[in-house]
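I have placed the structure first, in the form of structure tokens, so that the comments after it can refer back to it.
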Amino acid sequence: MLTCDHASNFLPAEFGTLGLAVEDLSRHIAWDPGALPVALRMAEALDATLVETRISRLVIDCNRPLDAPDLVPPVSETTAIPGNTGLSEKQRAARVALSWQPFHAAIEQIVDGRLARGQETRLVSVHSFTPVYKGRNRPWHIGIIHDDDQRLASPLISALKRLAGVTVGVNEPYSPADRVYFTLERHARSRGLPCAMIEIRNDEIAGEAGQRKWADLLTGIFSDLEPEEAKGSRQRAMGKSVQSAS
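So this is what it looks like as structure tokens:
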């Protein structure tokens with residue numbers, strides 16, 4: 001099962017541009033560029049369920065707990081977001097109901113359904129990161145983020161490190177200590193499910209060729225990691241299942 005927590009840079013009309021310049025809405029502060037096409041291609045190839053967001057992380061970050069200071073970010077990297085300051089509790093609650101709650105409710109419903117049917121379930125979140133952050137270059141082509149449960153992350157990292165010319169970050173450019181692991185903690189770790197977070201440098205997936213390359217590489221790795229009985233079940237399955245959340 002896949003999630004794409006920062007799939008969209010869409011701002012509903014009621015938010016305007018949140019006081020930002022229009023060009024800011026295409027930057028990484030608004031979404032994870034390239035992540036959704038990669039996740040969609042992986043979901044189709046693996047016959048995996050995908051839950052994606054449809055509203056920009058500038059409105060509310062679905063990969064943060066409700067008490068996180070950057071749940072509704074007042075600043076992203078070095079860019080102040082005027083429309084996110086001075087919000088009332090009612091306004092914050094409305095944003096939770098608009099995007100955060102339906103995203104997590106969709107994941108919970110699907111995971112619970114899979115477990116009730118006895119389906120083996122692993123949860124993978126697909127993200128992208130900017131090559132330069134606060135003036136610092138990030139050399140990794142791809143990063144795998146994990147906590148102390150490395151059942152999925154360890155073989156994934158090993159497979160990626162065998163690829164020629166690929167620099168792999170382990171808990172880079174982020175780690176769970178940065179509070180970026182919330183979706184996986186809430187839906188996978190709480191149920192004892194294997195999980196991992198994928199971060200692809202967004203210049204690697206800025207175009208269709210790069211998106212296809214990374215989706216196919218990751219699909220191949222996950223297919224090789226998949227137990228034989230799960231492969232057989234997937235081959236017998238009819239079609240693919242893709243779910244979206246507001």
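Numbering-wise, this note's numbering puts 115 at position 115 of the sequence shown, and it's gapless, one number per residue. For each residue, glycine too, the CB sits at the ideal point set by N, CA and C.
- Between the C-alpha atoms of Asp-224 and Leu-2 there is a straight-line separation of about 17 Å.
- With the rule of 3 Cβ pairs closer than 8 Å, the segment 198 to 212 counts as touching the segment 17 to 33.
- Taking C-beta atoms under 8 Å as the contact rule, Ile-60 and Ser-88 fail to qualify, at a distance of about 15 Å.
- Between Ala-48 and Cys-4, the CB-CB gap reaches or exceeds 7 Å.
- Counting along the chain, Gly-207 sits inside no beta strand (DSSP E), nor does DSSP assign it H or E at all.
- Tyr-133 sits exposed, since fewer than 16 C-beta atoms from the chains shown fall within 10 Å of its C-beta.
- Unbroken beta strand (DSSP E) runs of no fewer than 3 residues, entirely contained in the segment 31 to 100, are found at 50 to 52, following chain order.
- Residue Leu-160 holds the alpha-carbon nearest to the alpha-carbon of Ile-221 among Leu-160, Phe-129, Ser-175.
- Setting aside the 5 residues that flank it on each side, Asn-171 is surrounded in the same chain by Ile-145, each with a C-beta closer than 6 Å to its C-beta; the list follows chain order.
- Fully contained in the segment 165 to 208 are the following alpha helix (DSSP H) runs of length 4 or more, in chain order: 182 to 187.
- Three or more pairs of CB atoms, one per stretch, sit closer than 8 Å, so the segment 178 to 188 contacts the segment 117 to 126.
- Assigned with DSSP and collapsed to three states, Ile-107 falls in helix.
- Judged by their CB atoms, Ala-7 and Arg-179 are not nearer to each other than the 7 Å cut-off.
- Counting along the chain, the unbroken alpha helix (DSSP H) around Ile-157 starts and ends at 153 to 161.
- The continuous beta strand (DSSP E) containing Ser-125 extends over residues 123 to 129.
- The alpha-carbon of Gly-169 is positioned some 22 Å away from that of Pro-37.
- DSSP, read as helix, strand or coil, puts Ile-221 in helix.
- In the DSSP assignment, Ile-29 falls outside any beta strand (DSSP E), carrying neither H nor E.
- Residue Pro-131 holds the alpha-carbon nearest to the alpha-carbon of Ile-142 among Leu-152, Pro-131, Arg-136.
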